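Just so we're aligned, residue 5 is where the sequence shown starts under my numbering, counting upward by one.
Don't be surprised by glycine CBs; every beta carbon is placed ideally from N, CA and C.
Only a predicted model underlies this, so the values are computations on that prediction, with no experimental measurement involved.
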Amino acid sequence: MRKIIVPKPKNDSLLAQLGSLYKTFMSTKNKEDLEFDLSLLDWIYPLLILPLSAYINNTHSTYKINSSNRIKTYLETINFPNGIDSISSFQRKIQKHKSYIPISVLRREEGAKRERLESLFSEKVYEILGNISGAQNAVCYPIAELVTNIFEHSKKDVGFIFGQFYPTKNYLDICIVDYGRGFAGAYKEEKNLKLSDIEAISEAMKGNSVKPEKERGYGIWTSKKIICDVLNGGEFIMISGSAGLVSGNKKERLVSFPNFYWQGVIVAYRIPRPTGVLDITPFLE
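The structure is reproduced here in structure tokens:
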């Protein structure tokens with residue numbers, strides 16, 4: 005089993021987290037069993053830690069960390085790497101650790117239970133961000149739509165979601181991950197379209213659904229607009245295969261990741277704590 009030393013992000017920005025994620029999986033083989041060494045990390049970042057959790061759960065990979073490392077207790081608190089798929093366990097966790105949100109495992113076949121767990125996650129996020137008019141819709145809509153889209157494009161029955169609030173900096177990071185077939189794989193299998201990863205991400209952002217019905221789904225695009233425009237100062241990253249979309253600060257670009265491949269979809273975004281009334285209605289379909 006090959007050992008991978010997970011590099012510490014240069015700072016706490018989403019791009020720095022993305023850089024560490026890229027270096028972690030660069031030149032690894034698809035579904036290769038790995039041992040992730042977390043010893044260099046001194047903090048937990050959703051865009052870095054949740055893909056590791058999903059990868060470990062979908063392979064025979066493991067991780068190690070020094071017992072003296074200060075994040076060891078925090079990893080246990082958030083239930084890394086296995087996560088929580090029980091409503092009662094989630095409720096106990098958030099009662100005991102009021103400022104932490106555990107890694108949550110969403111299972112497709114457990115529809116009502118999954119929706120309740122997703123709802124609890126959203127409610128906790130809303131509680132952390134504060135009672136601002138319109139904030140609940142602005143928080144809950146992207147979570148619901150992005151989770152729905154992951155299950156739509158993925159043939160995997162399991163998805164992962166995790167959030168981390170930074171109280172001194174007044175922003176929240178959320179990450180949603182699956183380890184399925186990715187956008188390009190979905191379009192190839194469902195629509196017989198041979199697209200590059202960048203082309204597939206573009207199609208997904210345009211609302212071109214993989215469903216057989218002639219319908220369009222703007223959930224990802226709308227979610228990105230809410231995150232980046234309504235939640236003023238928000239940032240959004242989406243990765244599938246060897247490509248990604250990076251959006252924020254009124255800029256957006258598609259990027260390629262050489263010698264990197266994620267079998268599925270990773271969505272990560274950062275939202276600042278709202279300070280005024282929020283209205284998402286101009287962006288809804």
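Starting from residue i, follow the alpha helix (DSSP H) in both directions and report where the run begins and ends.
| i | result |
| --- | --- |
| C144 | 139-157 |
| M209 | 201-210 |
| T172 | Element bounds for T172: n/a, residue is neither H nor E. |
| T81 | 75-81 |
Applying the 10 Å Cβ sphere with the 16-neighbour rule, what's the burial state of residue i?
| i | result |
| --- | --- |
| I98 | buried |
| M242 | buried |
| P2 | In the structure as shown, the chain begins at 5 and stops at 289. Residue 2 is therefore absent and cannot be evaluated. |
| T28 | buried |
| A204 | buried |
| H157 | buried |
| V214 | buried |
| L295 | Because the chain is modelled from 5 through 289, residue 295 falls outside the range shown and cannot be assessed. |
| Y191 | buried |
Please state the DSSP three-state secondary structure of residue i.
| i | result |
| --- | --- |
| V162 | strand |
| N34 | coil |
| P286 | helix |
| W225 | helix |
| V10 | coil |
| R96 | helix |
| F84 | coil |
| V250 | strand |
| G186 | helix |
| K198 | coil |
| G245 | strand |
| I105 | coil |
| Y67 | strand |
List the endpoints of the continuous beta strand (DSSP E) containing residue i.
| i | result |
| --- | --- |
| K255 | 255-260 |
| P276 | 266-276 |
| E113 | Careful: E113 lies outside any beta strand (DSSP E) and carries neither H nor E. |
If residue i and residue j are in contact, beta carbons under 8 Å, what's the gap, nearest whole angstrom?
| i | j | result |
| --- | --- | --- |
| P85 | Y67 | 7 Å |
| R277 | Y175 | 7 Å |
Among the options, which one has its Cα closest to the Cα of residue i?
| i | options | result |
| --- | --- | --- |
| I284 | L235, L56, I82 | L235 |
| E80 | S251, L197, I53, A116 | I53 |
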